[in-house]
Amino acid sequence: MPKYDAEAVRALIARRRPGHALEGAFYTDPEIFRADIDAIFHQHWIYVAVECEVPEPGDALAVDIGASSVVIVRGDDEQVRAFHNVCRHRGARLLPPGPSIVGNLVCPYHAWTYGLDGDLKFAEHMGDGFDPSCHGLRPVAMRSVGGLLFICLAETPPDDIDDLARQIEPYLAPHDLRNTRVAHSADLVEYGNWKLVMENNRECYHCTPNHPELTIPLFAYGFGFAPEELTPEGQEQAARYETLRQTSHAAWEEAGLPSRLIEHLDDRPTGFRTERLPLDGAGESQTMDTMAACRVPLGSISDKAAGGLHFWTQPNSWHHFMSDHVVTFTALPLDEGRTLVRTKWLVHKDAVEGVDYDLEKLTDIWNVTNRQDADLVEMTQRGVADPAYVPGPYSPYTEGLVEKFMLWYLARLRAHLG
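For the sequence shown, counting from 1, position 140 maps to 140 in the UniProt record's numbering; every step adds exactly one.
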């Protein structure tokens, strides 16, 4: 019996009106959710972790994606690899979700033992005809992009990850992610479909009325507005932002910080967008006072007011890189009505909490913003499940990037269904 009715999914895709939200079934139907896992999360490059989370040989991290689980581990040869978190004997999980430190990967059920390279080293009572070389852990494709770890569960992963890395690594290099560490990590379950989480992330239409803290450092005008609706004060603020954006780009590029927009959100399997944007106030960091939260700078960045580099990837991640810290986000679907949003704050590996940074100042804006977004997503999930829901039109000024996410999603779903 198929996991989902492919013809019914195709019919839903065909009915979608361009420039409009999706029908409610896309967010509430368990069959659509299974199609999403199969066509999107099991076929594309998924951001899951930062390389600094497995800094030493034997450091491991288990991550769940749908029903699949993956172990990321650094080997004795310093190489980082990914394997399916499934024993080759009778399928037991080797490691629980989250970080571990291991000498070998040992199945807790029958003690089958795998090296950090995935080879089976020990399996007792299997007889003379048993060949350990045929029972190593199944590898998972993995790619570090400037220190961000992406995995792909497909047999043949999209090969455009190489071009993404070529374009984005010069933007990430000044922040030197490999010499950072995780200062704090927070998991938040949002009670909404993963697409609602991503739609909410891809627009700032909602920012001014809902994110009073985030809009202290962040210019909402940077993500679109209707010019004819602006007050004279709004027109002045929008013009100020655009002037600041252009002059900042020129200065940052001159200083060796790639900054200008690159956008491929809907024209390739591994969609992405990046741009270094000015911050308001002191312009140093995404903090309540707009000043750096950590006094130990990252990498080669000497100017505290280096704005905020944002980097988005389809289908499930967004990131903010400042001169003093980095915030990374990954959205992992749990079921049709729940999504795990995992946030990590990175500082220089030598920075000391309480000496070089205050953890509350480092994390407060995104902690409160994440909770606000979770409320918005839950509110919308309830609404799209209502029989009265009819998909409405996107704003041509402030929701163009939501439409690009939708075009990407529907194209990938359509391609998978044939």
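Virtual Cβ for every residue (Gly too), placed ideally from N, Cα, C.
Nearest CA to the CA of residue i: which residue from the options?
i           : options                           : result
Leu359      : His184, Val326 and Leu298         : His184
Ala8        : Phe33, His125, His20 and Arg90    : Phe33
Ile151      : Pro315, Thr343 and Glu275         : Pro315
Arg15       : Pro391, Ser395, Thr243 and Gly91  : Pro391
Ser285      : Ile216, His89, Ala123 and Arg412  : Ile216
Pro97       : Glu336, Val70 and Arg276          : Val70
Thr113      : Leu95, Glu399, Pro99 and Asp128   : Leu95
Gly400      : Gly19, Arg10 and Ala6             : Gly19
Gly299      : Met322, Thr313 and His310         : Met322
Glu106      : Val368, Glu203, Gly136 and Glu78  : For clarity, residue 106 is Val in the given sequence; the question names Glu instead. If we check each option's Cα against that of Val106, Gly136 comes out closest.
Ile37       : Tyr389, Glu336 and Thr380         : Glu336
Thr270      : Thr313, Asp76, Pro232 and Ala82   : Thr313
Phe272      : Asn367, Asp280 and Ile262         : Ile262
Leu214      : Glu378, Ile365 and Thr398         : Ile365
Val197      : Ile301, Cys87, Gly75 and Val377   : Val377
residue 468 : Ala305, Ala220 and Ser144         : Because the chain in this structure spans residues 1 to 418, residue 468 falls outside the shown range and cannot be described.
residue 419 : Met379, Ser302 and Thr363         : Lying outside 1 to 418, the shown extent of the chain, residue 419 is not represented and no answer is given.
residue 435 : Glu31, Ile301, Gly129 and Ala62   : Within the shown structure, residues of the chain are numbered from 1 to 418, placing residue 435 beyond reach of any answer.
Thr363      : Asp119, Thr287, Ser317 and Ala415 : Thr287
Ala220      : Ala35, Arg17, Thr398 and Ala415   : Thr398
His89       : Lys121, Asp77 and Asp64           : Lys121
From the DSSP output, read off the bridge partner residues of residue i.
i      : result
Ser100 : Ala60
Leu177 : Note: Leu177 sits in no beta bridge, so no partner.
Ile365 : Note: Ile365 sits in no beta bridge, so no partner.
Val140 : Ala82
Thr274 : Ile262 and Phe311
Trp345 : His184 and Val327
Pro333 : Thr339
Lys397 : One detail in the question is off: residue 397 reads as Tyr in this sequence, not Lys. In the DSSP output, where bridge partners are listed per residue, Tyr397 has none listed.
Trp194 : DSSP, once it has assigned bridges, lists no residue as partnering Trp194.
Compute the distance between the beta-carbons of residue i and residue j, then report whether it is under 8 Å.
i      : j      : result
Met142 : Val80  : yes
His84  : Val140 : yes
Leu116 : Gly24  : no
Phe225 : Ala238 : yes
Arg181 : Glu51  : no
Gly308 : Leu340 : no
Ala293 : Asp324 : yes
Gln372 : Asn193 : no
Tyr241 : Ser395 : no
Leu417 : Arg10  : yes
Ile72  : Ala60  : yes
Val352 : Thr28  : no
Lys344 : Thr328 : yes
Ile168 : Phe311 : yes
Glu56  : Pro99  : no
Val347 : Val296 : yes
Leu149 : Ser68  : no
Ala374 : Leu188 : yes
Asp280 : Thr290 : yes
Classify residue i as buried or exposed, calling it buried when 16 or more other Cβ atoms lie within 10 Å of its own Cβ.
i           : result
Lys404      : buried
Tyr109      : exposed
Lys195      : buried
Ile101      : exposed
Cys134      : exposed
Gln235      : exposed
Glu190      : buried
Thr208      : exposed
Lys3        : exposed
Met1        : Confidence in Met1 is poor, its pLDDT being 37 and thus under 50, which makes the residue's placement unreliable; the coordinate value appears in the next sentence. The residue is exposed, with fewer than 16 neighbouring Cβ atoms inside 10 Å.
Leu12       : buried
Val355      : exposed
Arg412      : buried
Asn104      : exposed
Glu199      : buried
Arg202      : buried
Arg138      : exposed
Thr243      : exposed
Thr274      : buried
Gly91       : exposed
Arg17       : exposed
residue 424 : For the chain, the structure presents residues 1 to 418; residue 424 sits outside this window and is missing.
Ala82       : buried
Ala21       : buried
Gly129      : exposed
Do we get a CB-CB distance below 8 Å when we pair residue i with the residues of chain B?
i      : result
Arg240 : Annotation note: the requested chain B is absent from the structure, which comprises a single protein chain.
State yes or no: is the C-beta of residue i nearer than 7 Å to some heavy atom of the ligand GDP?
i     : result
Ala11 : Among the components modelled here there is no ligand, and therefore nothing to report on the ligand GDP.
Contact between the region 251-262 and the region 159-175 is defined here as three or more beta-carbon pairs at a separation below 8 Å; is this criterion met?
yes
Meets three-Cβ-pair contact criterion under 8 Å: the region 24-43 and the region 324-339
Segments in contact, yes.
Per the contact definition of three or more C-beta pairs closer than 8 Å, is the region 242-253 in contact with the region 154-164?
no
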